[in-house]
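Counting the sequence shown from 1 gives a position; the numbering used here is that position plus 125.
Have a look at the structure below before the remarks.
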Amino acid sequence: IVRVYDIGRFEGLPYIRMELVNGDTIQGFVEKNGTVSFKRSKKPITSLLSGLKYAHKLGIVHRDLKPTNFMVTADGKFKIIDFGISAYLEIDGHTKLTKTGEALTGGAYTDPQLSENPKLRDVRSDIYSVGAIWYYLLVGHAPMGGDLRRNLLASGNATELEAGIILKCLSSRLEDRYSNCDELLNLLAPTLMTPKAPQPGVLK
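What follows is the structure in structure tokens.
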């Protein structure tokens, strides 16, 4: 997760001072280099899940993950940026990061459930967005229209089984998705569940 060094106000306007990330967004990477295979996608997706697991443990759900706010750095690491519309999973005793009653902008990578209920706070909303970013990495566009399974298979980047993992993330019903990041991490990289987890590497 991108490091935050300071927050405050300047001339009456709020600001957040964060680290400068030298690299490309995942969208920029795909536009420059093309799509990747399921095998190659496991490193960025594992890193994304690890970062989200940490945020979820702190009681924060991102709610706006997309290829433009997930980055691959020049030295081959991955960073989640922009928690602008995040919210606490438990709002009692906290000031919500999203204003009361504020509608989410939605989009191709946002959980459709949030369009119906902007106040929804569920880690499975982030699981949907993980699936949407994953789909983008393999297919090259957002998971909209057409047959998603057919598109994944036609890309040549996923087998039937691998496509099924991504489609489970993209299930329309919360109950049909993976319940948390650990479920997916156990599936993709069981060693990351140990204390001495290896660091995700570059997209190679």
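Glycine included, each C-beta is placed from N, C-alpha and C at the ideal position.
Query, Result
"Look at L312 and K167 and say whether their C-beta atoms are less than 8 Å apart.", "no"
"When you compare only the Cα positions, how much space is there between I258 and S175?", "15 Å"
"With a threshold of 6 Å on Cβ separation, who are the neighbours of Y260 within its own chain once the five nearest residues in sequence on each side are excluded?", "P268 and I291"
"Hey, N282 and S162: beta-carbon distance below 8 Å or not?", "yes"
"Is the segment 190–207 touching the segment 136–153, taking contact as three or more C-beta pairs under 8 Å?", "yes"
"Thinking just about the alpha-carbon of each residue, which of P139, G201 and T160 is nearest to the one in L277?", "T160"
"In chain order, what residues of the same chain lie with their CB nearer than 7 Å to the CB of V127, ignoring the 5 residues before and after it?", "M143, E144, V146, K204, I205 and I206"
"Is M260 helix, strand or coil by DSSP?", "Just to set this straight, residue 260 is Tyr in the shown sequence, not Met. Correct three-state label for Y260: helix."
"Rounding to the nearest angstrom, what Cα-Cα distance links R302 and Y140 in this structure?", "35 Å"
"Could you check whether K202 and S254 sit closer than 8 Å to each other, using their CB atoms as the reference points?", "no"
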